[in-house]
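Have a look at the structure below before the remarks.
2 protein chains.
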Amino acid sequence: MRARVFVTLKPSVFDPQGRTIAEALHSLGYANVDDVRQGKYFELDLQTEEASAARKIAAEVADKVLANPVIESYKIEVD
Amino acid sequence: MRARVFVTLKPSVFDPQGRTIAEALHSLGYANVDDVRQGKYFELDLQTEEASAARKIAAEVADKVLANPVIESYKIEVD
């Protein structure tokens, strides 16, 4: 199965990279872009056929390796 | 509306960062992780209420700024 993990900074944490992208887009004429948040995206190919097992592994891996739980939150999708 | 853009390296492009994460996970005992691909994730807050307009803006922005179409592909979700 494939698990997809999205890691983003928590809403309360300032995101200078996203801010810079938003300003670049404004200077390119995209005035209708209010805000940009940048995060990380991971695709994990897992040797399991059970969605619940895949989700459990992905959550463990996200907690330990992929995200910093102090400043980042993550979401998991399994398919 | 919020558009979410996922940028990943094309399947034919080697992903050393993902490879390194996969090896780190193996050394931590996650033998059932076959492969990891790392990408970028963007959330765009857009001043539009039409999903089709939001998708169009996000695709333009992804082509011009967020992704390098030579080596990367992207997917867009709008909600």
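In order, the protein sequences belong to chains A and B. As numbered in this note's numbering, residues 1161 to 1239 make up the first sequence, in order. As numbered in this note's numbering, residues 1161 to 1239 make up the second sequence, in order. By construction, the Cβ of each residue, glycine as well, lies at the ideal position given by its N, Cα and C atoms.
Distance from the Cα of glutamine 1177 (chain A) is smallest, within the candidate group B:Lys1200, B:Tyr1190, B:His1186 and B:Ser1172, for B:Lys1200. The alpha carbon of methionine 1161 (chain A) has as its nearest neighbour, out of A:Lys1216, A:Asp1205 and A:Asp1223, the alpha carbon of A:Asp1205. Counting only the Cα atoms, phenylalanine 1202 (chain A) lies some 5 angstroms from valine 1165 (chain A). In this structure, DSSP gives alanine 1163 (chain B) an extended state, which the three-state scheme calls strand.
Taking 7 angstroms as the cut-off, the beta carbon of lysine 1170 (chain B) is found closer than this to the beta carbon of serine 1233 (chain B). Annotation for valine 1221 (chain A): the continuous alpha helix (DSSP H) segment containing it runs 1211-1221. With contacts defined as CB atoms closer than 7 angstroms, valine 1167 (chain B) and leucine 1226 (chain B) qualify as a contacting pair. With fewer than 16 neighbouring CB atoms inside 10 Å of its own CB, alanine 1191 (chain B) falls in the exposed class. A straight line joining the alpha-carbon of isoleucine 1217 (chain B) with that of serine 1187 (chain B) spans about 42 angstroms. Here glycine 1189 (chain B) carries a coil assignment [DSSP, helix/strand/coil]. Taking 7 angstroms as the threshold, the shortest C-beta distance from aspartate 1223 (chain A) to chain B does not fall below it. The three-state secondary structure of isoleucine 1181 (chain A), taken from DSSP, is helix. Contacts with chain B at 7 angstroms (Cβ-Cβ) do not include asparagine 1228 (chain A). Inter-residue distance for leucine 1185 (chain B) and valine 1193 (chain B) is about 7 angstroms (C-alpha atoms, whole angstroms). For glutamine 1198 (chain B), the closest alpha carbon among the candidates B:Thr1208, B:Ala1214, B:Glu1209 and B:Thr1180 is that of B:Thr1180.
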